[in-house]
Every structure is written in C-alpha cells, then in structure tokens.
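J.: Just so you know, the protein sequences line up as chains A and B, in that order.
The numbering of the first sequence is my numbering, which starts it at 545 and goes up by one.
The numbering of the second sequence is my numbering, which starts it at 396 and goes up by one.
Even for Gly, the Cβ is constructed at its ideal location relative to N, Cα and C.
Quantities reported herein were computed from a predicted structural model and do not represent experimental measurements.
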Amino acid sequence: MILEAKDLNYYYQDGEQRRYILKDTSISFEKGKFYTILGQSGSGKTTLLSLLSALDSPHSGEILFNDEDIKKIGYEKYRRNNIGIIFQSYNLIPTFTAVENVLVPMTITENEIPSDKETVAYNLLDYIGIVKNKADRLVNKLSGGEQQRVAIARALATNVELILADEPTGNLDEEMEQEIIDIFKRLAHEHGKCVIVVTHSNEIAVQSDQAFRLKKGVLSSYE
Amino acid sequence: MNFMKRGILGITRKKGKSLILLAVIFILGNLISGAISIQQATGNVEKTIKERLGTAATVDLDHDTLNNMPEDEWMDFEPEELGVNLIKQIGDLPYVKYYDYSMEQWMGSESIEPYQGEEMDEDFMMDEEDEIPFQLKGINYAPIIDLEEGKATLTDGRVFTDEEIENGTAVAVISENLAAENNLEVGDTFTLVNNVYSYDYDTDEEDIVASRDVVLEVIGLFDPKSVTQESDEDSESNMMFMMEDPYYQNTMYVPNEIVIDETNYNWEETLKADDELAAMMKEEGEDASFEYYEPIYYLNNPEDIEPFREEVLPLLPELYTVISATDQYERISGPMESMSKLAKYVLIVAVAATILITGLVVLLFLRDRKRELGIYLSLGEKRSKVIGQILIEVMVVAVVGITLSLFSGNLLAGQVSDTIMNSDDSNQSEYYEGVYYPELESELTTEDVMDSYEVNLDASYVLGFYGIGLLTILISTVIPLIYIVRLNPKKILM
Chain A
545 MILEAKDLNY YYQDGEQRRY ILKDTSISFE KGKFYTILGQ SGSGKTTLLS LLSALDSPHS
605 GEILFNDEDI KKIGYEKYRR NNIGIIFQSY NLIPTFTAVE NVLVPMTITE NEIPSDKETV
665 AYNLLDYIGI VKNKADRLVN KLSGGEQQRV AIARALATNV ELILADEPTG NLDEEMEQEI
725 IDIFKRLAHE HGKCVIVVTH SNEIAVQSDQ AFRLKKGVLS SYE
Chain B
396 MNFMKRGILG ITRKKGKSLI LLAVIFILGN LISGAISIQQ ATGNVEKTIK ERLGTAATVD
456 LDHDTLNNMP EDEWMDFEPE ELGVNLIKQI GDLPYVKYYD YSMEQWMGSE SIEPYQGEEM
516 DEDFMMDEED EIPFQLKGIN YAPIIDLEEG KATLTDGRVF TDEEIENGTA VAVISENLAA
576 ENNLEVGDTF TLVNNVYSYD YDTDEEDIVA SRDVVLEVIG LFDPKSVTQE SDEDSESNMM
636 FMMEDPYYQN TMYVPNEIVI DETNYNWEET LKADDELAAM MKEEGEDASF EYYEPIYYLN
696 NPEDIEPFRE EVLPLLPELY TVISATDQYE RISGPMESMS KLAKYVLIVA VAATILITGL
756 VVLLFLRDRK RELGIYLSLG EKRSKVIGQI LIEVMVVAVV GITLSLFSGN LLAGQVSDTI
816 MNSDDSNQSE YYEGVYYPEL ESELTTEDVM DSYEVNLDAS YVLGFYGIGL LTILISTVIP
876 LIYIVRLNPK KILM
C-alpha cells in the first residue's frame, strides 16, 4: 500500500453545527495502478485530494504514505519529495518556459535527480509529447493540452511514485482528454506509478483500474 | 532553477514591474542620498572645526543659568569655591592630557616699559597711561600649557622646574619683544611694583596706600608671533587678534605662589586702609587670604569633551558647569546647524516614505503573483525560500536604484546645500553676548565653518547610504512578506 487514508473527517463549522465534507472516509491505493475518484460538484472529491496531497489537513483521521503518517513526515516535505500534483487549471508559472517550469520542482526536492537536470527536463517533456522547440516557449504561448502535459512533466520531475490530479482534463477537449488519460495509464502500468485522478467524468472512471464514487462525503466503490 | 535563479528570472521576465520598482527606489533613494550627503558633510565640518577649536575646557559658574535667576535669588547666591583638590581631581580623569590652574594679577613697573607693538594702527595701541600694564599669569604646570599647545614658542632659556613652582621662586618667562624693549636677557632681573590703591568715591580719585617691589628673574623668553602668522592676514578675526597681541606680549608667566602672595598682600593692605571694608569682612567671617583659580584642561581628543563633561558635572558645586572650546562651534555654526537639522528631517521623512511606498508597491506585486507563490508552496518549497526569492528580487533592483541615486543624490545635495547656505547667510549674527574665555576662544568664524563645508563622495557616505538605503528597503519588503507566510496554496490553486 503506497497511500492509505483512515477515518478522515473534514467539516465546516456552521454556527453550532458541523457540516461534514468527508465523514469517516477510508481509502487505500497501490503502486502500478490508475485510480479515479468520481463525484459531482460539492461531493468532497477536491477536499479529499487536497488532504491526500497535504495541501490541507483533516480534522481527524490519518493519512499514511508507505505506512508513515504524512503529518510526521511533514506536509511540506511530503509534497516536496513524495508526490506530484496536477491541477485542473495547470498552475504553471506564466513567465517561465515549459522546461523552466519542469526544472522548478527539481531544485526544490531532496530526491536524487541526475546532475544534468535540463536534459532530464527536456526528456520528460519529450516523453509527454512536448518537443524541444515548444519546451523553450513561455508556457502561456502553448495550448491548453500542451500546458497540461507540461504540468504532468512537472509532477514527474521529482521522480515520485505517487501522482495526484484534480480534474486534469476539465479544461480540455475530448481528444486531448484521451491523450492525457493514456499518459496516466502508461505511467501506472509501464512505470509503476500510483496515479489518483479526481474527476466528474464517467468516461475517465471506466478507464481506470479502480474507481471510487464520492457522494455527500461518503465513499463507495464505483460499479 | 533554485530560488535565487528564480529571483533573477523574476526581475528579467517582468521588466515593467522591475522598472516601476526601480523608479520608486531611485526617486526615494535620491532623497535619502541627498540627506545623508548633507549630514555627512555637516558632520565632517563639525569634526574639522571642533578639531581646529581644540580640546581645551574649563570649569566655571554657569552664567547663563545665573542670568536667568530671579534677582532676589541671585543676590542671595554665594558661589562655592572650586578648590584646588577638586581641580586636581578633575585633572586626574583619563580624558585629560594635561591641565593647569592659575591666578592672575596686574602690576606696574618703574624700571621696565610695556611692549607697544610694531606697525600698528593707533587705535590698537595700548594706553600709555596704563599704570598696571603687566599681567602676571600664575602657573602650576611647569612646562607651561600655552607653550605645549603652540600658542607661543620658547625662543630662549627654559621653562619652570617643579621646585620653582612648588616654592614660588621669583622667576618669570616673558615675551621676547618685552625683553628686547627693555634690554632684558635670560638671567637678568627686573622689578615690578605691586601698588595698593584706595578709591575715593567722592572725588573719583585713586591713591596709592601701600606698595612693594616684586623682583623677578627672567628664565625664559617666549614668542607669540607664530600664532599671528597662522591667521589670515586680511581677515577680520586677525584684526581682533592683533588687538589682543600687546596684552599677551606683556604677560609674564610666574609660579602661582608669587601671584597668591602678591594678591594676599594687596588684600591685606587694602583692608588696613579701608576700615569699613575690613569690618564687613570680619562680620562675614572672611580673612584677607584670597585664592581663586581658573582651571584649564586639555583633553586627549575633541571627542572626549562630552564624556569629560558627563563625568565632571556631578563633581561640581552648585551652578558650576563645564565650558569647552568646542562650545564655540554652536555659536559659529548657524547655517550648518540648520542644514544639518533639515537634512535630518528629510532623512526621517524619506526613510518613512520609502518604507511605506516601497512596501505598498511590493505588496501589490505580491498580490499579483499570488498564484505563482502558491505554486512554489504546493511543490513543497519552504516559505523561507519563497521569501528569500522575493527579497532577492527586491534587493537586486534596490542595489541598482540605490547605486544610481548614490551619485545623483550627492550631486543634488551639493546644489541644495549651496542654496540653503547662501539664503541663510544674511541671518547670522557675529555678536556673542556670553562670557568670554580667552583660553578657549579661537579666531574661527562662521565663514570658516562655511568654507570647510564640502559635499563629498567619500567612503563613509557610500557605506552609510548603502547601509541605510538597503536596510530601509529590507524593512519595507519584510512587512509585505507576512503576506507570503499567510498564503494558503489550497485556496489559491484548487
């Protein structure tokens, strides 16, 4: 088990009342698999991803990465060394080129990265489908699909085993969506990564190795 | 792509914003730089002038306070005497290079003539009918402080020995000109007359009631000319000094004991001749012995004046104060003082404005880059490094802005201070209404102060400006950086 969430509770305090977004949610993930968490808007799926990616902390419950509580690892350190995050709106640095965006996490992580980081970054972008002349462009000069590929390359840059993605195809057309899903499958099945995608799309859910449905804070298996 | 490289890229890739920040820092930097230039220049003037004014200090009644006392209080006030022990105690302080205390007495002579001066305007000639033209200046410091301080040079003979000072031996060091006037040489003796006068208030006449001769041996000759040669021939101050010169030429250095004996003799005889005064003295329990010393201290450095003053003031009797040669600086430094004050206020306002304006500009830029900062944090970057990146961006621009304003502000300061000094020139008064201490006075004037003012681009200015400028920018950046500490990447990115 690479990642395991146990009895997660997350709520908003509304006066005297607690409004639960996640209630006693438990879930576990293995390496080499492509997971989807399916849910409608407001179902709590983004909250769950923010907890799994340590961008937020649960009110109760624990999240274990390789059996170690991420709180003990340290949220910042966990994000730096153990996970790669992909956002719906790409969240790239607009004043940097594609390759510079990929280089950013390489200098932040404490993981071992080959000394020729620039070559590694170009290779990663090439693997994801961004050729060199595009890699040297400012990211806001690239298309949405290309920007999301750069975001995926950035998530892979620190050589992590766990990739978390929040609606990664939400802003893309169908053709581009399928290309991105294919990349995730390749990462899971060919490179042994654990890929967790939060989505509202059934088309993506059916392509995953295992899908979960989140409804009103309660998690269930997707049939 | 570490945080430092990101900082540099942040500057080069956002040229517009970097230029705005540069312009703000440059404009405000000019104000700070100008103010520091003026402060440095006025500070240098103060240092130079105070060095020229010397390190002399004395202890005397605080005449300013006395003058402001109510009349009845002033009438009842009986000042305590300083006393030799206190004078010596002060003289033993580590700031004091050497010191002396002296009594003075004026005497006449039937055997020698006073020196009248050469090629002098009649207006400045001494009164030929002056019956007591010779000033006996008592000495306790055998090598004679005036010679040590270069006010005069010993041209022949020697100074006193400690034994002569202690025993009150009848020896004197007189001016070379006075000796020449009277064909005196080292080893010769001459006679002064200590006349005791009684004054008749009704007839407005003076009578000699007693008299005795004081025979002194010349042991050394001094030449005060070196002092006049140093001063500017054409200046008004030189005229003032020439007026004083005959008095100094007719001054004789003698051991204090000689002056004390002659003063006491004079008092005793005065009381014998004036029954009324004697009765009053008796009633008040005072005898005829009279010792009043004027101490003079020379300190090691002009900077020692303030600590010396701080240590001495608690030792002094009521209403006594420390008067130093550097006090004269305050009287002659009018335009400099007003410019220094103006520069100080400009500096405070400029620093405050820089902190406020640069802080706001940085905060606006940070808000604009909220998403970028959130990305770094989501990738696990330490907040300290994100803060470091922003600091590098601002500080690199600041160094460029400050370097540019280093030169332009200095240039501006030169122009502004010229204008201020010229406009302030007419307001200066040359008159001083306080007590005059000849030992502490110099011939320096406001004009000398103005002449020594110069706005320079020296190392202390450069270092001072970089120090204050960069510290100001640092403070103005640190405050908005609290914004980064409070950033929540989830809220920004998801």
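For the segment 675-707 of chain A, list every residue whose C-beta sits within 7 Å of some C-beta in chain B, in sequence order.
T.: Within the segment 675-707 of chain A, no residue has a Cβ that lies closer than 7 Å to any Cβ of chain B.
J.: Compile a chain-ordered list of the residues in the segment 601-613 of chain A whose CB is closer than 9 Å to at least one CB of chain B.
T.: Going along the segment 601-613 of chain A in chain order, one finds no residue with a Cβ nearer than 9 Å to chain B.
J.: According to DSSP, simplified to helix, strand and coil, what is LEU669/A?
T.: By 1-based counting over the first sequence, the position of residue 669/A is 125. In the structure shown, LEU669/A sits in a helix (DSSP, three-state: H, G or I).
J.: According to DSSP, which residues form a beta bridge with PHE585/B?
T.: Walking along the second sequence from the start, residue 585/B turns up at place 190. Answer is LEU611/B, bridged to PHE585/B.
J.: For a contact defined as C-beta to C-beta under 8 Å, what are the partners of GLU698/B on chain A?
T.: As a first step, residue 698/B is located in the second sequence; it is residue number 303 there, counting from the start. None at all; the shortest Cβ gap to chain A is about 52 Å.
J.: Please report the distance separating the alpha-carbon of THR407/B from that of ILE674/A.
T.: As a working note, residue 407/B is residue 12 in the second sequence. As a working note, residue 674/A is residue 130 in the first sequence. Their backbone Cα atoms lie some 25 Å apart in a straight line.
J.: What residues in its chain sit with their C-beta under 8 Å from that of VAL756/B, if we drop five residues either side in the sequence?
T.: In the second sequence, residue 756/B corresponds to position 361, counting from 1. Same-chain partners within the cutoff: ILE415, LEU416 and VAL419.
J.: Do three or more CB pairs link the segment 601-613 of chain B to the segment 655-674 of chain B at distances below 8 Å?
T.: Result yes; three or more Cβ-Cβ pairs closer than 8 Å.
J.: Tell me the DSSP secondary structure of GLY555/B in three-state form.
T.: Counted from its first residue, the second sequence places residue 555/B at position 160. The sequence as given places Phe at residue 555/B; Gly does not occur at that position. Coil at PHE555/B, not helix or strand.
J.: Take GLY563/B as the anchor and find which of TYR861/B, LEU869/B, TYR648/B and GLU466/B has the nearest alpha-carbon.
T.: Counting from 1 along the second sequence, the entry for residue 563/B is found at position 168. Comparing Cα-Cα distances from GLY563/B to each of TYR861/B, LEU869/B, TYR648/B and GLU466/B, the minimum goes to TYR648/B.
J.: Closer than 8 Å, Cβ to Cβ, to anything on chain A: give me those residues from the segment 786-809 of chain B, in chain order.
T.: Flagged: no residues at all.
J.: Taking three-plus beta-carbon pairs below 8 Å as touching, is the segment 621-632 of chain A in contact with the segment 675-685 of chain A?
T.: Contact between the segment 621-632 of chain A and the segment 675-685 of chain A is absent, because fewer than three Cβ pairs lie under 8 Å.
J.: Going by C-alpha distance, which of GLU508/B, MET399/B, VAL491/B and PRO702/B is nearest ILE652/A?
T.: Residue mapping note: residue 652/A aligns to position 108 of the first sequence, counting from 1. Closest by alpha carbon: MET399/B.
J.: Ignore the nearest five residues each way along the sequence and tell me which others in ALA701/A's own chain have a CB closer than 7 Å to its CB.
T.: What you label residue 701/A is simply residue 157 of the first sequence in a count that begins at 1. So the qualifying residues of the chain are VAL646, PRO649, MET650, ALA665 and LEU668.
J.: Going along the segment 573-600 of chain A in order, which residues come within less than 7 Å of chain B, judged by CB to CB distance?
T.: Here the close residues are THR590, SER594, LEU599 and ASP600.
J.: If we cut at 8 Å on Cβ distances, does LYS621/A have a partner in chain B?
T.: Within the first sequence, numbered from 1, the residue matching residue 621/A stands at position 77. True, the Cβ-Cβ gap to chain B drops below 8 Å.
J.: Evaluate THR646/B with the Cβ neighbour count: other Cβ atoms within 10 Å of its Cβ, from every protein chain shown; 16 or more gives buried, anything less gives exposed.
T.: Numbered from its first residue, the second sequence carries residue 646/B at position 251. So THR646/B ends up on the buried side.
J.: Which chain B residues are close to ASN715/A, counting only those with a beta carbon under 8 Å from its beta carbon?
T.: Translated into positions along the first sequence, residue 715/A becomes position 171. Per Cβ cutoff of 8 Å: no residues; ASN715/A is ~14 Å from chain B at best.
J.: Which chain A residues are close to SER773/B, counting only those with a beta carbon under 9 Å from its beta carbon?
T.: On the second sequence, residue 773/B is found 378 positions in, with the first residue counted as 1. Those within 9 Å of SER773/B in chain A are SER597, LEU599, ARG623, ILE629, PHE631 and ASN635.
J.: Give the residues from the segment 710-736 of chain A that approach chain B closer than 7 Å (Cβ to any Cβ), ordered along the chain.
T.: Going along the segment 710-736 of chain A in chain order, one finds ASP710 with a Cβ nearer than 7 Å to chain B.
J.: Output yes or no for whether 8 Å exceeds the beta carbon distance between ALA695/A and PHE631/A.
T.: Counting from one through the first sequence, the residue named residue 695/A turns up at place 151. Counting from one through the first sequence, the residue named residue 631/A turns up at place 87. In contact: ALA695/A and PHE631/A (Cβ atoms closer than 8 Å).
J.: Just how far apart, CA to CA, sit PHE585/B and SER735/B?
T.: As a first step, residue 585/B is located in the second sequence; it is residue number 190 there, counting from the start. As a first step, residue 735/B is located in the second sequence; it is residue number 340 there, counting from the start. Straight-line Cα distance between these residues: approximately 55 Å.
J.: Specify the secondary structure class of LEU774/B as computed by DSSP and reduced to three states.
T.: Within the second sequence, residue 774/B is the residue found at index 379, counting from 1. If DSSP states are grouped into helix, strand and coil, LEU774/B belongs with coil.
J.: Could you tell me whether any non-hydrogen atom of the ligand GTP is closer than 7 Å to the CB of ILE674/A?
T.: Although the ligand GTP was asked about, the structure shown includes no ligands whatsoever.
J.: Would you kindly check if the distance between the Cβ of THR550/B and the Cβ of PHE472/B is under 8 Å?
T.: In the second sequence, counting from the first residue as 1, residue 472/B sits at position 77. In the second sequence, counting from the first residue as 1, residue 550/B sits at position 155. Not in contact: PHE472/B and THR550/B (Cβ atoms no closer than 8 Å).
J.: CB-CB under 8 Å to GLU446/B, same chain, minus the five flanking residues each way: which ones, in chain order?
T.: Locating residue 446/B in the second sequence gives position 51, where the first residue counts as 1. PRO697.
J.: Can you tell me whether THR867/B is helix, strand or coil according to DSSP?
T.: Working through the second sequence from its first residue, we reach residue 867/B at position 472. In this structure, THR867/B counts as helix in the three-state DSSP scheme.
J.: Give the interface partners of LEU758/A over in chain B, defined as CB-CB distance under 9 Å, in chain order.
T.: Residue numbering aside, residue 758/A sits at position 214 when the first sequence is read from its first letter. None at all; the shortest Cβ gap to chain B is about 15 Å.
J.: I'd like to know whether the C-beta atoms of VAL850/B and TYR688/B end up nearer to each other than 8 Å.
T.: Within the second sequence, the letter at position 455 stands for residue 850/B. Within the second sequence, the letter at position 293 stands for residue 688/B. Cβ atoms of VAL850/B and TYR688/B: not closer than 8 Å.
J.: Is DSSP giving SER630/B helix, strand or coil here?
T.: Sequence index remark: in the second sequence, residue 630/B carries index 235 (1-based). Residue placement at SER630/B is poorly supported in this model, since its pLDDT is 46, which falls under 50; the coordinates still yield a value, given next. Correct three-state label for SER630/B: coil.
J.: Going along chain B in order, which residues have a C-beta closer than 9 Å to the C-beta of ILE652/A?
T.: Numbered from 1 along the first sequence, position 108 holds the residue referred to as residue 652/A. Chain B residues near ILE652/A: MET396, ASN397, PHE398, TYR771, LEU774, GLY775, GLU776, LYS777 and LYS780.
J.: Quick one: is GLU644/A near chain B, going by C-beta distance under 8 Å?
T.: The residue given as residue 644/A occupies position 100 in the first sequence. For GLU644/A, the answer is yes, since a Cβ of chain B falls inside 8 Å of its Cβ.
J.: What span of residues does the beta strand (DSSP E) with ALA451/B cover, start to end?
T.: Along the second sequence, one-based indexing puts residue 451/B at 56. Residues 451-456.
J.: Excluding the five sequence neighbours on either side, which residues of its own chain have a C-beta within less than 8 Å of the C-beta of ALA755/A, listed in chain order?
T.: Here residue 755/A refers to the residue found at position 211 of the first sequence. TYR579, THR580, ILE581, LEU582, ALA749, SER765 and TYR766, listed in sequence order.
J.: Suppose you measure from the CA of ASN425/B to the CA of LYS410/B; what does that come to, to the nearest Å?
T.: If you number the second sequence from 1, residue 425/B lands on position 30. If you number the second sequence from 1, residue 410/B lands on position 15. Between ASN425/B and LYS410/B, the C-alpha separation is close to 22 Å.
J.: Note down, in chain order, each residue of its chain lying with its Cβ closer than 6 Å to the Cβ of ALA574/B, except the 5 sequence neighbours on either side.
T.: Position 179 of the second sequence, counted from the start, is the residue given in the question as residue 574/B. Cβ neighbours of ALA574/B beyond the five flanking positions: LEU616.
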